[in-house]
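Trainee:
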Amino acid sequence: MADVAPALTATPVVPAGETSGTRHAEPTTGPIVVNYKFTKEEGSVNLTVNPDGTWLFSIDYKGKKPGYDIDVALALRSTLGGIIVWHYAGDASNGVQSSQQGKSDVLKDNFKTFAGKHDWNVKYDFALSAEGRAKRFEAQEKKKAELQKAEEEARKRHDHKVAAEKKAELAKEEQKEREAAQRAAAAHKSGGSSVMSTIGTVVKDVGTAAGVVGTILSFL
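Letter by letter, the sequence shown follows residues 931 to 1150 in our numbering.
(1) So Asp-999 packs on Tyr-1054, CB below 8 Å; how close in whole Å?
(2) Pull up the DSSP beta-bridge partners for Ala-1005, would you.
(3) Rounded to a whole number of angstroms, what is the C-alpha to C-alpha distance between Lys-1074 and Glu-972?
(4) Run the CB neighbour count on Glu-1082, radius 10 Å, all protein chains shown included, and call it buried at 16 or more, exposed below.
(5) Using a threshold of 8 Å, state whether the C-beta atoms of Val-1026 and Gly-1020 are closer than that.
(6) Kindly indicate which three-state DSSP category Ala-946 falls into: helix, strand or coil?
(7) I need the DSSP call for Phe-1044, collapsed to helix, strand or coil.
(8) What did DSSP end up calling Asp-1021 once you bin it into helix, strand or coil?
(9) For Glu-1068, verify whether its CB is less than 7 Å away from any heavy atom of the ligand SAM.
(10) If contacts are defined as beta-carbon pairs under 8 Å, then Ser-1008 and His-1048 qualify, I think. What distance do you get, rounded to the angstrom?
(11) What separation, rounded to the nearest whole angstrom, lies between the Cα atoms of Ala-1003 and Glu-1104?
(12) Going by other Cβ atoms of all chains shown within 10 Å of its Cβ, with 16 needed for buried, is Lys-995 buried or exposed?
(13) Candidates Ile-1013, Gly-960, Lys-992: which alpha carbon is nearest Val-979's?
(14) In or out: Val-964 buried (at least 16 other Cβ within 10 Å) or exposed?
(15) Within the same chain, show all residues whose beta-carbon is closer than 7 Å to that of Asp-982, passing over the 5 residues directly before and after it, in chain order.
(16) Out of Glu-948, Trp-985, Thr-958, state which residue places its alpha-carbon closest to the alpha-carbon of Lys-970.
(17) Is the CB-CB distance between Leu-1010 and Thr-1043 below 8 Å?
(18) Out of curiosity, what's the CA-to-CA distance linking Ala-946 and Phe-1056?
(19) Return the first residue and the last residue of the beta strand (DSSP E) that Lys-967 is part of.
(20) Which of the three DSSP states is assigned to Arg-1108 in this structure?
(21) Using DSSP bridges, identify the partner residues of Ala-955.
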């Protein structure tokens, strides 16, 4: 079934993401290869790391989430606890076809420790895009205006019961607005965001998988 744009409601339901959980891989003498197929959505994340430090990180997401961004993070942990993180963030309105490549001296110099028994973790999340946030604000203002108008009309009709109901509904909407603003402010203060949450989860999970806290060596 095709995905549709978030409905114009004051509190849209953000689609759920997922995490692969920490996966354990056996040693390899050749390229390090990670392939993860999404279970909740139609898509996959792939990573190839070569002994010379070159790498290819790709995402193939076939879903469509108008009004939302997708954040994807992959963390690779070496036998010594070093962690490398790959990350992608972008518009999910029309799916994602992304391929990033590069070269890392850290991976080149430490390839043997990463190619030994290593762990990896993938996580993706969705968050309202700028367009999605604008639509949410538009929906909030529209609903408040409708409630205010309904309350005024009820008062003119001397229908005090309906007027009281609409006033209570308006107060509830304004409370939701304040709570949403407080959550956003708290997330900003703590450095939180869908991006930081996604990266933080994969780093925490893969970093403590062996009972030893990992150290982030690089973000790619």
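A virtual CB, placed ideally from N, CA and C, is assigned to each residue, including glycine. Computed from a predicted structure; not experimentally measured.
Mentor: So, to answer that:
(1) The sequence position of residue 999 within the sequence shown is 69, counting from 1. The sequence position of residue 1054 within the sequence shown is 124, counting from 1. So it is not a contact: roughly 11 Å between Cβ atoms.
(2) Position 75 of the sequence shown holds residue 1005. Beta-bridge pairing links Ala-1005 to Val-1015, Asn-1051.
(3) Position 144 of the sequence shown holds residue 1074. Position 42 of the sequence shown holds residue 972. When rounded, the distance between both Cα atoms is 37 Å.
(4) By 1-based counting over the sequence shown, the position of residue 1082 is 152. Burial call: exposed.
(5) Residue numbering aside, residue 1026 sits at position 96 when the sequence shown is read from its first letter. Residue numbering aside, residue 1020 sits at position 90 when the sequence shown is read from its first letter. Closer than 8 Å, so yes.
(6) The sequence position of residue 946 within the sequence shown is 16, counting from 1. In this structure, Ala-946 counts as coil in the three-state DSSP scheme.
(7) Locating residue 1044 in the sequence shown gives position 114, counting from the first residue. Helix at Phe-1044.
(8) On the sequence shown, residue 1021 is found 91 positions in, with the first residue counted as 1. Of the three classes helix, strand and coil, the one that applies to Asp-1021 here is strand, per DSSP.
(9) Absent from the structure shown: the ligand SAM. Ligands present: none.
(10) As a position in the sequence shown, residue 1008 is number 78, starting the count at 1. As a position in the sequence shown, residue 1048 is number 118, starting the count at 1. Yes, they are in contact, since the Cβ atoms of Ser-1008 and His-1048 sit about 6 Å apart, within 8 Å.
(11) Walking along the sequence shown from the start, residue 1003 turns up at place 73. Walking along the sequence shown from the start, residue 1104 turns up at place 174. Their backbone Cα atoms lie some 35 Å apart in a straight line.
(12) Sequence index remark: in the sequence shown, residue 995 carries index 65 (1-based). Buried, by the Cβ-count rule.
(13) On the sequence shown, position 49 is the one that residue 979 refers to. Ranking the options by Cα distance to Val-979, first place goes to Gly-960.
(14) To locate residue 964, count along the sequence shown from 1; it is residue 34. So Val-964 ends up on the buried side.
(15) Mapped onto the sequence shown, residue 982 falls at position 52. Hits under 7 Å: Lys-1038.
(16) Start at 1 with the first residue of the sequence shown, and residue 970 comes out as number 40. Of the candidates Glu-948, Trp-985, Thr-958, the one whose C-alpha sits nearest the C-alpha of Lys-970 is Glu-948.
(17) Working through the sequence shown from its first residue, we reach residue 1010 at position 80. Working through the sequence shown from its first residue, we reach residue 1043 at position 113. Closer than 8 Å, so yes.
(18) One-based indexing of the sequence shown puts residue 946 at position 16. One-based indexing of the sequence shown puts residue 1056 at position 126. Cα-Cα distance, rounded: 7 Å.
(19) Numbered from its first residue, the sequence shown carries residue 967 at position 37. Segment 962-967, the beta strand (DSSP E) holding Lys-967.
(20) The sequence position of residue 1108 within the sequence shown is 178, counting from 1. Of the three classes helix, strand and coil, the one that applies to Arg-1108 here is helix, per DSSP.
(21) Along the sequence shown, read from residue 1 onward, the residue named residue 955 stands at position 25. BP columns for Ala-955 point to His-1048.
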